[in-house]
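Mapping of the sequence shown onto my numbering: residues 98 to 161, in sequence order. Cβ coordinates follow ideal geometry from the N, Cα and C atoms, glycine included. In what follows, a single structure is set out as structure tokens and then discussed.
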Amino acid sequence: MQISERKNKLWMWIWAAMSIFLLGYTTFAFIAIDSGMGFRVLVLALLSLVMFILRYKLSKRQRV
């Protein structure tokens, strides 16, 4: 495995963790805090999750 592949995998996992954290935070924000902020963070979390999935699929396609 090359260094660039390791770096890409690391960034993908960091991105996934951030997305999951943001989704958890928004769930809490919707329950406990004001929903305007929660909605903004939810949109950010969903966008980052979509970007993570797209990057993962692209990286798989490049390997083949």
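- Rounded to whole angstroms, the Cβ separation of F149 and M109 is 7 Å, and the two are in contact under 8 Å.
- Shortest Cα-Cα distance from I117 to any of L143, K106, N105 involves L143.
- Rounded to whole angstroms, the gap between the alpha carbons of V147 and L155 is 12 Å.
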